[in-house]
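Q: Below you will find the structure I want to go over with you.
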Amino acid sequence: LKKAILWGSVIPVIIYSFFALAVIGVTGISTTEIATIGLGKVLGKGMVLFGNVFAIFAMMTSFLVVGLGQKSVFYYDYKMSNFLSWLFTFSIPLVALLLGMRGFTKNMALVGAVSEGLVGVMVITMYWRAKRLGDRSPEFSFMSLKGSQIAGSIIILILIGGIVYTLISV
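In our numbering, the protein residues as written are 94 to 263.
If you want it as structure tokens, here you go:
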């Protein structure tokens with residue numbers, strides 16, 4: 094399992110790095126915020142079509158996996174109804190769209206900061222609950238419950254600060 098997690102993290106980093114270097118290598122100082130637009134200017138409209146279809150599938154699959162994982166956390170860990178779990182999972186991107194946010198990078202910043210900030214808070218609170226209520230001795234323990242509450246509280250404040258900053262700046 095450790096090797097699977099390691100390679101499951103390393104392989105995407107290598108692929109993303111290769112893609113970023115390839116885009117910079119092809120477009121040079123004309124690199125755009127959205128890679129497929131810059132590639133299309135250099136390589137033609139076929140590249141725009143291919144790149145955007147690929148990008149849609151890449152974003153759709155990652156959104157689906159992250160969304161299903163987040164929905165499961167709400168449903169199984171926080172005992173929310175199936176409807177509320179789906180609602181909380183998909184409300185952040187939907188609200189951003191309904192509020193008129195159309196810029197891709199601004200949307201990514203907003204949705205990423207809010208959803209991943211909340212996921213971070215949920216992971217910390219789940220850790221505390223498992224430490225407090227769990228009857229199983231863990232294979233690895235980072236610190237005592239008191240120490241983890243202090244460190245976790247600081248991290249939660251940082252995460253909430255990041256969410257608030259992003260909401261104000263976007």
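Virtual Cβ for every residue (Gly too), placed ideally from N, Cα, C.
These figures come from a predicted structure and were not determined experimentally.
In angstroms with no decimal places, state the Cα-to-Cα distance between residue 199 and residue 259.
A: Near 9 Å, if we compare the C-alpha coordinates of residue 259 and residue 199.
Q: Cα separation between residue 120 and residue 138?
A: Their backbone Cα atoms lie some 15 Å apart in a straight line.
Q: Quick check on residue 129: buried or exposed, where buried means 16 or more other Cβ atoms within 10 Å of its Cβ?
A: Buried: at least 16 other Cβ atoms inside 10 Å.
Q: Relative to the C-alpha of residue 115, which candidate in 103, 135 and 171 has its C-alpha closest?
A: Nearest C-alpha to residue 115: 135.
Q: If you draw a straight line from the C-alpha of residue 219 to the C-alpha of residue 123, how long is it?
A: So the alpha carbons of these two residues sit roughly 46 Å apart.
Q: Identify which residue in 205, 171 and 141 has its Cα closest to the Cα of residue 155.
A: If we check each option's Cα against that of residue 155, 205 comes out closest.
Q: Is the Cβ-Cβ distance between residue 118 and residue 132 less than 8 Å?
A: No, Cβ-Cβ distance for residue 118 and residue 132 is not below 8 Å.
Q: With burial defined as no fewer than 16 other Cβ atoms inside 10 Å of the residue's Cβ, what is the status of residue 192: buried or exposed?
A: Looking at its Cβ environment, which holds fewer than 16 other Cβ atoms inside 10 Å, residue 192 is exposed.
Q: Put residue 140 into one of helix, strand or coil per three-state DSSP.
A: Helix, per DSSP.
Q: For residue 191, which of helix, strand or coil comes out of DSSP?
A: Three-state DSSP puts residue 191 in a helix.
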